[in-house]
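Okay, so the sequence shown: first residue is 1227 according to our numbering, each after it adds one. Encoded as C-alpha cells, the structure appears first; notes follow it.
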Amino acid sequence: MKILVTGTAGFIGSHLAHRLLDRGDEVIGVDNVNDYYDVNLKEARLERLTSKAGFTEVRQDVADRAAMEALFAEHKPERVVHLAAQAGVRYSIENPHAYVDANLVGFINILEGCRHNDVKHLVYASSSSVYGANETMPFSVHDNVDHPLSLYAASKKANELMAHTYSHLYNLPTTGLRFFTVYGPWGRPDMALFIFTKKILAGEAIDVFNHGHHRRDFTYIDDIVEGVIRTLDHVAEPNDAWSGATPDPGTSKAPYRLYNIGSNNPVELSRFIEIIEERVGKKAEKNLLPLQPGDVPATYANVDDLIDDVGYKPATPVEEGIARFVDWYRDFYKE
Ligand SMILES: NC(=O)c1ccc[n+]([C@@H]2O[C@H](COP(=O)([O-])OP(=O)(O)OC[C@H]3O[C@@H](n4cnc5c(N)ncnc54)[C@H](O)[C@@H]3O)[C@@H](O)[C@H]2O)c1
C-alpha cells in the first residue's frame, strides 16, 4: 500500500515508518524537521529511513496549504497516518500559537487532502491528555472529554471533532488514537525518561514534579506501533447501534472511531525513576516539586475496544522498555 505518514522525523513516526517499510508498504514521509528539540536526533532518525527502499522523504510544513494540496495530488496515498504535530503539554503554555498552526491548520489540510484524493482511511494521533479533568479510571473512549487542561489537549480534542465532521459529511473513515505517554529508544528529549537518563548519567539533579506521585500509563514504542498498524488495517466503520438519543463519544453513525493505546498498567513516577536508576547504575539527586500547570496527576487507559476490534493490548513491561531506552541512549550519545 502507498501510505502517507506525517511526522516521520519524529519519535513515533520514524518507528512506524520502519515497520511499514519492513512489511512492504510504500511510505511518503512528511516532516518539516523543526527545531522544537534537537534537530540532529530528527536527522539521524530520517537517515536510517532514507536508506530503505520504498521511503520518499518530503520536507514541508503540514500547515502549508498549497504544499499539502500539491503533495496529495502528486502522491495519491491510499491511506494516511497523521502524526506530525506540535507535541508537549508544558510548551503549550509558552507558545500557544505553535499548536494552532501545526495542530489545527495542519489538520484541516490533512482532512482536505483526504477528502479530495479518495483516501480510504485516515488514522491520526490524539492523546491521553484529552481526558483532562476526568477522574474516572481507567479512562474510556466512551467517556465525555469536554474538560481539557491545556491548549495541547484542546487541539487534540479539536482534531477528533474535525475528523468526525469529515467522516459524517464525506464518508471518510477516520480513526483517532489516544496515545498514553510513549517511551523507548529514539525517544523525545523533552520527555521524562530522556531528561532523567541524561541528568542521572551527568550527575545532575532531576526535577520531579508532583513529588513523584504522578501515575502514568507508560507505553512502550513497539506496542504503540503495533496498535497503529492494527488500527490502520482495520478501516473505521459506522456503528449501526449508535443513537443520537444517547450519543456514544467513541463511535458514530459515521465511519469514525477512537481508541486508547496505553499500557493499561499505570506506574508511579517515583517507581519509574527507580527503574532508570537501576539500569543506569546510579542514584538520582531529586528536586521534589509541586504539580505543574496543565499537567494531569494520573493517566490509565481502558483498552477494551482495542482488544475487541483488533485483538491487541500493549504488553511490554516497563523494566524491559526502560532498559532498551537506556542502552540506546548510551550507545547513541556515547555515554
Ligand atoms: N510521545 C508521546 O508520549 C505522545 C503521547 C500522546 C500523543 N502523541 C502524539 O503523537 C504524535 C507523534 O508524537 P511524537 O512523540 O513522535 O512527537 P515528535 O515531536 O517526536 O514527532 C512529531 C514530528 O512532527 C514534526 N512536525 C511538527 N510540526 C510539524 C509541521 N507543522 N509540519 C510538518 N512536520 C511537523 C516534527 O518535526 C516531529 O518530527 C504527535 O501528534 C503527538 O502529539 C505523542
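Beta carbons: idealized from backbone N, C-alpha and C, even for Gly.
{"query": "From LYS1278 to LEU1247, what does the alpha carbon distance come to, in whole angstroms?", "result": "8 Å"}
{"query": "Quick one, which of LEU1532, ARG1441, ILE1450 and ARG1414 has its alpha-carbon nearest GLU1361's?", "result": "ARG1441"}
{"query": "Could you check the C-alpha separation between ASN1491 and ILE1502 for me, to the nearest Å?", "result": "18 Å"}
{"query": "Opposite TYR1485 in the DSSP bridges: which residues?", "result": "LEU1403"}
{"query": "Secondary structure at LYS1425, three-state DSSP: helix, strand or coil?", "result": "helix"}
{"query": "So, at 6 Å on beta carbons, what are the nonlocal neighbours of ARG1550 in its own chain, with the 5 sequence-adjacent residues on each side left out?", "result": "PRO1411"}
{"query": "By a C-beta neighbour count over all protein chains shown, 10 Å radius and 16 as the cutoff for buried, is ILE1450 buried or exposed?", "result": "buried"}
{"query": "Name the one or two DSSP bridge partners that SER1352 has.", "result": "ARG1404"}
{"query": "For GLY1236, is the beta carbon positioned less than 8 Å from some heavy atom of ligand 1?", "result": "yes"}
{"query": "Per DSSP, which one or two residues make a beta bridge with ASN1266?", "result": "The partner list for ASN1266 (beta bridge, DSSP) is empty, contrary to what the question assumes."}
{"query": "Mind pulling the alpha helix (DSSP H) runs of 4 or more residues that sit fully within the stretch 1322-1380?", "result": "1322-1325 and 1332-1342"}
{"query": "Could you pull the DSSP bridge partners for THR1445 from this structure?", "result": "VAL1408"}
{"query": "Quick one: what does DSSP say ASN1490 is sitting in, helix, strand or coil?", "result": "coil"}
{"query": "Please report the distance separating the alpha-carbon of PHE1558 from that of GLY1280.", "result": "25 Å"}
{"query": "Is any heavy atom of ligand 1 found at a distance shorter than 8 Å from the C-beta of THR1232?", "result": "yes"}
{"query": "Using the C-alpha atoms, what's the distance from ALA1235 back to ASP1261?", "result": "11 Å"}
{"query": "Between which two residues does the beta strand (DSSP E) holding GLY1470 run?", "result": "Segment: none, GLY1470 is in no beta strand (DSSP E) and carries neither H nor E."}
{"query": "Does the separation of the CB atoms of ASP1416 and GLY1488 fall below 9 Å?", "result": "no"}
{"query": "Measure how close the beta-carbons of VAL1231 and VAL1253 come, nearest whole angstrom, since I'm counting them as under 8 Å.", "result": "6 Å"}
{"query": "By the three-class DSSP mapping on this structure, what secondary structure does LEU1230 have?", "result": "strand"}
{"query": "ASN1329 to LYS1539, Cα distance in whole Å?", "result": "28 Å"}
{"query": "With 16 other CB atoms within 10 Å as the buried threshold, where does GLY1470 fall?", "result": "exposed"}
{"query": "Using only the alpha-carbon positions, how far apart do ARG1556 and ASP1448 sit?", "result": "20 Å"}
{"query": "Counting only the same chain and skipping the five closest in sequence on each side, list residues whose C-beta sits under 8 Å from that of HIS1244.", "result": "ARG1274, LEU1275 and LYS1278"}
{"query": "Looking at the unbroken beta strand (DSSP E) that takes in GLU1283, where does it start and where does it end?", "result": "1281-1285"}
{"query": "With distances taken Cα to Cα, identify the nearest neighbour of PRO1303 among CYS1340, ILE1334 and GLY1537.", "result": "CYS1340"}
{"query": "Let me check you understand the geometry: is the CB of LEU1309 closer than 8 Å to at least one non-hydrogen atom of ligand 3?", "result": "As for ligand 3, it is missing from this structure, which binds only ligand 1."}
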